[in-house]
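According to my numbering, the sequence shown is numbered sequentially starting from 48.
Every residue, glycine too, gets a C-beta built ideally from N, C-alpha and C.
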Amino acid sequence: MHVTCLYLLGAFFNSCKFNWHAVPERERKKHKNPAEPVWSPTMAGGLFSIDKAFFEKLGTYDSGFDIWGGENLELSFKTWMCGGTLEIVPCSHVGHIFRKRSPYKWRSGVNVLKRNSVRLSEVWLDEYAKYYYQRIGNDLGDYGDVSSRKELRKKLGCKSFKWYLDNIYPELFIPGEAVASGEVRNLGLGGKTCLDSPARKADLHKPAGLYPCHNQGGNQVPIDWLKVDKKRNLHSLILLFEIWNSSIPSYMSSRFTYLSSYHNLNILSRHETLLTIPSHRTSSYSSSFTIALPRLWNSLPASIRDCRNKIEFKHKLTRHLVSN
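Pasting the structure below:
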């Protein structure tokens, strides 16, 4: 029987939404075998095991949470911040059968996920909670009393969320580190339309466009603005990454050659992802595409060039462009 090991870890965005990310290089270096358990910043929440005494010490689940949503992040944060560790076993296999419909009775007029996320933000995110609040238009709503949860954190002597970011999830992009942030408003039409991106599944590949400004954050307030030249470099390098990972028409890949392949050399692994820069120029388009872009690619740190996952590549590249 062939067993597939998913070498991923749990992560999250500043919008307090869980997602899977590739295991970062710093964590991979700790292990000799990809089947070994890896430290994970967060977990999905539905399938886990935990020491009962430790779970009770952490206050179990927040009794103020409604039905579903956010409990996995809350448990993940306090596990790390209050003395525990969270590990994912890459080769573990667990069956999970989804119901056709929700068995719960949802309260009308209440955004349960938002309410739960605000509660965990108030208790665990410290000064970083403001970034989530910006995403929801600073409309916290009625999230109930969290004084007992704050008291529990104080009693347990838990570390700060900054410690968590510095030591457990340093790859997370912090909006405060961006060059600029905010909405892009079209002043030519009375200042009532903003750059926005529709979020429905049917709109997945549609370009961004102008929509009425709603002042509620969301997709109208991108959190990773870069200067124009760096934004151009970001998109160009992502395109090149997609070319090498076969998600772009194959005819484009013929314009690029890895240095190791071109010279047929047995060179060090850290140089295997360097691109050959042609010595002859044929046209302005070809020159910018096959000369300038490889130069830009080759200037990147090996830790970025060696990425095998687009999400990890984009995240590391964005942090690199912001800090340089």
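With a cut-off of 8 angstroms on Cβ pairs, the region 74 to 89 is not in contact with the region 101 to 114, counting fewer than three such pairs.
Between residue 114 and residue 153, the gap from beta carbon to beta carbon is short of 8 angstroms. The beta strand (DSSP E) runs lying completely inside the region 63 to 88 and spanning 3 residues or more are 65 to 69, given in chain order.
Sorting 367, 108 and 355 by C-alpha distance to the C-alpha of residue 75 places 355 at the top. In the structure shown, residue 98 adopts coil according to DSSP, grouped into three states. For the set 340, 166 and 108, the Cα lying nearest the Cα of residue 282 is the one of 340.
The count of Cβ pairs closer than 8 angstroms, one atom from the region 152 to 171 and one from the region 188 to 204, reaches three, so the stretches are in contact. Per DSSP, the unbroken beta strand (DSSP E) holding residue 259 starts and ends at 256 to 259.
As computed with DSSP, residue 183 is found in no beta bridge at all. The residue from 145, 285, 214 and 237 with its alpha-carbon nearest to that of residue 259 is 237. Residue pairing from DSSP places residue 233 in a beta bridge opposite 240.
Shown here, residue 218 sits in coil according to DSSP, grouped into three states, outside any helix or strand. Spanning the alpha carbons of residue 285 and residue 147 requires a straight line of approximately 38 angstroms.
Scanning 219, 230, 279 and 157 for the CA closest to the CA of residue 182 turns up 230.
In the DSSP assignment, the residues bridged to residue 135 are 85.
C-alpha of residue 151 to C-alpha of residue 140: approximately 27 angstroms in a straight line. Excluding five sequence positions before and after residue 72, the CB atoms of its chain that fall closer than 7 angstroms to its own CB belong to 350, given in chain order. Looking only at 87, 220, 364 and 100, the smallest Cα-Cα distance to residue 119 is reached by 87. In the structure shown, residue 158 adopts coil according to DSSP, grouped into three states.
Between residue 95 and residue 232, the alpha-carbon positions lie close to 45 angstroms from each other. In terms of Cβ geometry, residue 68 and residue 358 form a close pair [threshold 8 angstroms]. Separation of the CB atoms of residue 218 and residue 362 is rounded to 6 angstroms, and the pair is thereby assigned contact status at 8 angstroms.
Our two residues, residue 223 and residue 172, have alpha carbons roughly 14 angstroms apart in a direct line. Non-local beta-carbon contacts of residue 288 in its own chain, meaning distances under 7 angstroms to residues more than five positions away in sequence, involve 357 and 360 in chain order. Taken through DSSP and simplified to helix, strand or coil, residue 173 comes out as helix.
Shown here for residue 211: same chain residues with a beta carbon closer than 7 angstroms to its own, the five before and five after excluded, namely 124, 127 and 128 in chain order. At the C-beta level, residue 365 and residue 208 stay beyond 8 angstroms of one another. In this structure residue 196 is buried. Its beta-carbon is surrounded by 16 or more other beta-carbon atoms within 10 angstroms. Per DSSP, reduced to three states, the secondary structure at residue 213 is helical. In this structure, 135 is the residue among 130, 135 and 66 with its C-alpha nearest to the C-alpha of residue 83.
Judged by beta-carbon spacing, residue 116 lies within the 8 angstroms limit of residue 159, meaning their Cβ atoms are closer than that value.
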